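**Q**
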DNA sequence: TCTATACATGAACATATATTCATATATTAA
DNA sequence: TTAATATATGAATATATGTTCATGTATAGA
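Residue numbers (our numbering), protein chains in the order written: chain U, 1 to 99; chain F, 101 to 199.
1) Around the Cβ of residue 71 of chain U, are there at least 16 other Cβ atoms within 10 angstroms (buried) or fewer (exposed)?
2) By how many angstroms is the C-alpha of residue 151 of chain F removed from the C-alpha of residue 36 of chain U?
3) Give the DSSP-derived three-state secondary structure of residue 176 of chain F in the structure shown.
4) Determine whether the Cβ of residue 16 of chain U lies closer than 9 angstroms to any Cβ atom of chain F.
5) Helix, strand or coil, according to DSSP, for residue 6 of chain U in the structure here?
6) At a Cβ cut of 7 angstroms, what residues of the stretch 161 to 179 of chain F count as close to chain U, listed as they run along the chain?
7) Which of the residues in the stretch 121 to 150 of chain F, read from start to end, lie with their CB under 7 angstroms from any CB of chain U?
8) Please return the same chain residues whose Cβ sits closer than 7 angstroms to the Cβ of residue 54 of chain U, not counting the five positions on each side in sequence.
9) Under 9 angstroms between C-beta atoms, does residue 12 of chain U make it to chain F?
10) For a quick check, are the C-beta atoms of residue 129 of chain F and residue 144 of chain F less than 9 angstroms apart?
11) Pop quiz: residue 142 of chain F and residue 177 of chain F are said to be a contact at Cβ under 8 angstroms. What is the actual Cβ separation, rounded to whole angstroms?
12) Helix, strand or coil for residue 169 of chain F, going by three-state DSSP, please let me know.
13) Using alpha carbons as the reference points, say which of U:38, U:4, U:67 and U:15 lies closest to residue 192 of chain F.
14) List the DSSP bridge partners of residue 164 of chain F.
15) So with Cβ pairs under 9 angstroms, would you call residue 92 of chain U a contact of chain F?
16) Can you give the Cα-Cα distance for residue 65 of chain U and residue 148 of chain F, rounded to whole angstroms?
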């Protein structure tokens, strides 16, 4: 695998977004089903403000897709590569833990 | 997918390591074949000191495996989940770019 | 032993980042 | 319109992080 900077830099930026535990938890929360901000706040246990800030970054990177319904905003993880990426990395971690 | 903190936190830490472009380039450099620190320095275009600092972090997370041969240290990316993770994420980025 | 080469490490620093607090905006109900 | 609810945003801040510079350690050769 040989990556030029036009691939490497956005790749690193995307990984960086997954590199914060709160933000990663938010992404995982809306991985399989659409969740409102309020639901995410409850599930993740972070403040509403913090969740919104993180959602903004995830939205900007198109890692989640927003949908408005009345006063509520629903968020869903954007495509299936994300869950594949997570699964691969979880496999890696579990292999390391087994040692 | 439902992750407890014992999985989520190491997962985020690992992603964080891939989240710096220099460090990611270092990992990619030794993804398919063992490379000496000097070779990585040349390929990545960062200082020797910086490369060693990053390699230390990658080693601590067992993302690379070191081997000494005389004065040289060879590094190799540790297992195949890493390249799968990279490929998945590259696919994600390329889909986004296509929009 | 002395020198040179390859790599590692500690301190220092500038910048980036996560979080909080206060406040703003949008939508619904009264 | 007014009040209430759901979410977003800007400023401020404490901490984390990437990078450099100087120096240390390990190995090989003379």
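By construction, the Cβ of each residue, glycine as well, lies at the ideal position given by its N, Cα and C atoms.
Please read these numbers as outputs of a predicted model, since none were measured by experiment.
**A** The relevant details are as follows:
1) Residue 71 of chain U is exposed by the Cβ-count criterion.
2) The C-alpha of residue 36 of chain U lies about 43 angstroms from the C-alpha of residue 151 of chain F.
3) Of the three classes helix, strand and coil, the one that applies to residue 176 of chain F here is strand, per DSSP.
4) By this cut-off, residue 16 of chain U is an interface position.
5) Here residue 6 of chain U sits in helix by DSSP.
6) Listed by position, the residues of the stretch 161 to 179 of chain F near chain U (Cβ gap below 7 angstroms) are 162 and 179.
7) Of all residues in the stretch 121 to 150 of chain F, 121, 124, 125, 128, 131 and 132 have a Cβ within less than 7 angstroms of some Cβ in chain U.
8) Residues of the same chain with a CB within less than 7 angstroms of the CB of residue 54 of chain U, apart from the 5 flanking positions on each side, are 22, 23 and 26 in chain order.
9) By this cut-off, residue 12 of chain U is an interface position.
10) Going by C-beta atoms, residue 129 of chain F is nearer than 9 angstroms to residue 144 of chain F.
11) So it is not a contact: roughly 18 angstroms between Cβ atoms.
12) In the structure shown, residue 169 of chain F sits in a strand (DSSP, three-state: E or B).
13) Per the Cα distances, U:15.
14) Paired residue(s): F:177.
15) Yes, contact with chain F.
16) About 41 angstroms.
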